[in-house]
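Engineer: Residues in the sequence shown are numbered consecutively from 42, following the numbering used here.
Here a beta-carbon is modelled for each residue, glycine too, at the ideal position from N, C-alpha and C.
This is the structure I have questions about; it appears just below.
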Amino acid sequence: MSTSTMDLSKNGDVTQNGRARGTDDPSMSAEIEECDFSKLSEKPRPLNLERRASFEEKSFSELSFGMSPRHSLRTVDNPSRMNDHFDVLYSPVISSLTTPRAEQGGEPHPSVSEAWDVLRRSLVYFRGKPVGTIAALDNSDEKLNYDQVFVRDFVPSGLAFLMKGESEIVKNFILKTLRLQSWEKKIDRFQLGEGVMPASFKVLHDPVRNNETLMADFGESAIGRVAPVDSGFWWIILLRAYTKSTGDTSLAELPDCQKGMRLILSLCLSEGFDTFPTLLCADGCCMIDRRMGVYGYPIEIQALFFMALRSALVLLKQDVEGKEFIERIVKRLHALSFHLRSYYWLDMKQLNDIYRYKTEEYSHTAVNKFNVIPDSLPDWLFDFMPTHGGYFIGNVSPARMDFRWFCLGNCIAILSSLATPEQATAIMDLIESRWEELVGEMPLKVIYPAIENHEWRIMTGSDPKNTRWSYHNGGSWPVLLWLLTAACIKTGRPQIARRAIELSEARLVKDNWPEYYDGKLGRYIGKQARKQQMWSVAGYLVAKMLLEDPSHVGMISLEEDRQMRPILRRSNSWTF
Ligand code: GLC
C-alpha cells in the first residue's frame, strides 16, 4: 500500500508531480449585488453571497433558466432576523429560543468546560498553525488511523470553533485540505479524479531534517479502498459555514477555492449512463465507511450532495467558469429534489401504496416505477411507521428500496431544506414517536434497525465490528447530537434536542467521550469504541451552543426553496 507523502516548500505552497496550483489574482469586486439570474449574461458577478450585513442566499428556483424570477426570498442575514424567519416559517416555539440562555442567567454545564479542554488538546499544528483536530486522543491499543485529521470528523470541531468566534483554524483547514486535493491520487495503477478530497491527513515531523510533511489518505489506505465521497461535500458545506459565520467572503473567492469547488462538482455533475439524478456510490464511501449495504444511491450521500450543491450555488462566482457550473447545479437540483422528495419519502400513506403495488408494469404509465416487489417490505417497518410522521428511506434503486432509517441523511435533509417544512415536521414527529428505538438511552442510532444473522453475513461480509446493534449496524453515535439539535432548532422543536442532550451529557464525560455505544438502547460503551473521540466531544459542544444561541443554525442550514413547493405538491403522494 502506498501512502502519499510530500514535502512542503517554505511558503507552504505545494507542488506535486510538477503540477502547481494556479495563483490567480484573488482580488474581487467589493460590490456584491443581488443575485438575479437574468443579469448573468450581461456582466460577470462575483460571489453569490453578500457580506455579513446582508447575507442573502438565492433560491435555486430563482436561478433556474426559463423560470420567471420572483422575489419570494427570505433574508437570513443576521441572527435576529434569521430567527424572525423561523418564527414565521416553522413554529411559535422558536421565539422562546431567541434569547441566548446565557443571557437568561443559566450556568454552563460542567461538561462544557471539560469538552473544550479535550477539544483544545486535540489540535493538530502544521508549521505552527492549527490545521485540524485529531480523530481520537485515545492511545490505548493500536490506533489504526484515529491519530489523523478526518475531513468529516473535523466538521463539528470546525463549527464549534466558528461558534466560539475562533475561525482561523477553519480557514487553515480549508486551505490545507485544498492543497491536498491537488495531489495526484492513485490506487495501484488507477488514477482517481482530480477533485477527490482526502478522507484524512496527518502531519509527520522529521526531527533530523527539521521539517514537516503531510500524509493524506484518499481511500488508498482505507479499509476497503473506497474514496470518501462525502469529504468534498463536507468541505463545501464547511466553506459556506465559515463564510456565513465570519462574513469573510475572501476565502471562498480565492481562485484556488473556486477551482477546488469546481473540481469537486465536476466529479458528481458529469454526464454518463445515469437515468437518475442521484449519485451512484460504492459501499463505505461516507461516515459508514465499511460494507453495510449502503451502496447505489444512499440517502447519506444524496442529502449531502444536495446540501453541497446548494452551498456551492451561493459560493461560486458567476464568472465564465462559474456560470457553467451554476447552470448545471440548478438543473441538477431541480431533478434531484423532485426525485428524492417523491421516491425516497415514506409515510403511512406511501407505505400502504407500496404494500398494494402491482408489479411488472411497463411503459410511462407505470405507478411502481422501480418494480419494487411488495414482499420485499420488511416486517419491522409496519410497526415502526407511526400514524403521524415519515422519513427519507435509505436507498432507492431498481427493485430495491432500503427502508432503514439513516439519521445523518434525514437531519441533513432538514438542514438543507431538501425536506419541505411538512416533511421536516414529519421527520421530527417520527423521532418523537420512535424515541426508544432511535434515541434510547444514548443518542443517536446511526441506522435503524440493525441487521442480523444471515442478512448480516451477506450484507456486511460477516464483519465482526458491525455485529447487530454495534458500530455502524445500529450503534448509537453521540456525534449525531449536533445534527439532531440543528434540525430541532430549524423545525422549532428545541425541546427534543434538550431531552437528548440531558440524556447524554453526564454520561459522555463519565465514559470519557466514546466514539459509539452498543445495544438496542445504546446502554453499553461500544465494543471497540475509541475514548476521547473528538467528534463526540465537538458534537456535544455544537449542540449546546446551538441551543444556547439558535441563530448559529444559519451557518449549517439553508432556507426552503419556496418555488419548488407547488410543483411537488402536485406530483407527490403525501398529503398533510
Ligand atoms: C470510523 C468511522 C468514520 C470516522 C473515522 C474516524 O472509521 O466509521 O466515520 O470518520 O472512524 O473517526
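1) Over what stretch of residues does the alpha helix (DSSP H) that includes R303 continue unbroken?
2) Among all the DSSP beta bridges, which residues are the ones paired with P171?
3) Kindly provide the ranges of any alpha helix (DSSP H) runs that are 4 or more residues long and lie completely inside the stretch 522-592, ordered along the chain.
4) If you compare alpha carbons, which of L245, R193 and C309 is closest to Y347?
5) Around the Cβ of E601, are there at least 16 other Cβ atoms within 10 angstroms (buried) or fewer (exposed)?
6) What do you reckon, is the C-beta of W576 under 8 angstroms from a heavy atom of the ligand GLC?
7) Could you check whether V487 and S577 sit closer than 9 angstroms to each other, using their CB atoms as the reference points?
8) Is A527 closer than 9 angstroms to V480 when the C-beta atoms are compared?
9) Among S198, N412 and N393, which residue has its Cα nearest to the Cα of E402?
10) Quick one: grab the DSSP three-state call for P339.
11) Leaving out the 5 sequence neighbours to the left and right, which residues in its chain are closer than 6 angstroms to I210 when beta-carbon positions are compared?
12) Give the C-beta separation of I395 and P419 to the nearest angstrom, bearing in mind that I take them to be a contact with Cβ-Cβ under 8 angstroms.
13) Is N393 buried or exposed, if buried means 16 or more other CB atoms sit within 10 Å of its CB?
14) Leaving out five residues before and five after V583 in sequence, what residues of the same chain have Cβ atoms less than 6 angstroms from its Cβ?
15) Here's a check: name, in chain order, each residue in its chain whose Cβ is nearer than 6 angstroms to the Cβ of A454, leaving out the five neighbours to either side.
16) Is any heavy atom in the ligand GLC found nearer than 8 angstroms to the beta carbon of I566?
17) On the CB-based measure, 16 or more other CB atoms within 10 Å of its CB, does D247 come out buried or exposed?
18) Measuring CB to CB, does L219 end up less than 9 angstroms from D297?
19) Rounding to the nearest angstrom, what Cα-Cα distance links K212 and G435 in this structure?
20) The ligand GLC heavy atoms versus the CB of S241: any closer than 8 angstroms?
21) Please classify K300 as buried or exposed, where buried requires at least 16 other C-beta atoms within 10 Å of its C-beta.
22) In this structure, does DSSP put P110 in helix, strand or coil?
23) When the Cα atoms are used, what is the spatial distance from S383 to P462?
24) Can you give, in chain order, each stretch of the beta strand (DSSP E) that sits fully within the stretch 413-469 and has at least 3 residues?
25) Quick check: does the Cβ of F214 come within less than 8 angstroms of any heavy atom belonging to the ligand GLC?
26) Closer than 8 angstroms: is that where the CB of E556 sits relative to any heavy atom of the ligand PLP?
27) According to DSSP, is A282 part of a helix, a strand, or is it coil?
28) Can you list, in chain order, the residues of its chain with a C-beta nearer than 6 angstroms to that of S286? Leave out the 5 residues immediately preceding and following it.
29) Going by DSSP, what residues sit across from Y489 in a beta bridge?
30) Measure the alpha-carbon distance for D118 versus N451 and round it to whole angstroms.
31) Three or more beta-carbon pairs under 8 angstroms between the stretch 462-474 and the stretch 436-443, yes or no?
32) DSSP has C322 in a bridge; who is on the other side?
33) Taking its Cβ as the centre, do 16 or more other Cβ atoms sit within 10 Å of N514, making it buried, or is it exposed?
34) Note down the Cα distance separating I278 from S598, rounded to an integer number of angstroms.
35) Enumerate in chain order the residues of its own chain whose CB-to-CB distance from R571 is below 6 angstroms, with the five nearest sequence positions on each side excluded.
36) Going by DSSP, name the residue or residues bridged to V196.
Structural biologist: Considering the structure as presented:
1) P296 to L310
2) Y166
3) 535-551 and 575-589
4) In the sequence as presented, Tyr is not what sits at residue 347; that position holds Phe. Of L245, R193 and C309, the residue nearest in Cα terms is C309.
5) buried
6) yes
7) no
8) no
9) N412
10) strand
11) P171 and F202
12) Actually they do not touch by this definition, with Cβ atoms about 12 angstroms apart.
13) exposed
14) P197, L200, A201 and W523
15) A344, F433 and A460
16) no
17) exposed
18) yes
19) 33 angstroms
20) yes
21) buried
22) Reliability fails at P110, whose pLDDT of 30 lies under 50, so the model's placement of it is uncertain and the value that follows must be treated cautiously. DSSP places P110 in coil when its eight states are reduced to three.
23) 15 angstroms
24) 431-433, 436-438 and 441-443
25) no
26) Ligands in the displayed structure: the ligand GLC; the ligand PLP is not one of them.
27) helix
28) L203 and M596
29) W446
30) For D118, the predicted model reports a pLDDT of 34, less than 50, meaning its position is unreliable; a value from the coordinates is still stated below. Roughly 25 angstroms between the two C-alpha positions.
31) no
32) G337
33) buried
34) 10 angstroms
35) A177, D179, Y187 and E556
36) Paired residues: none, contrary to the question.
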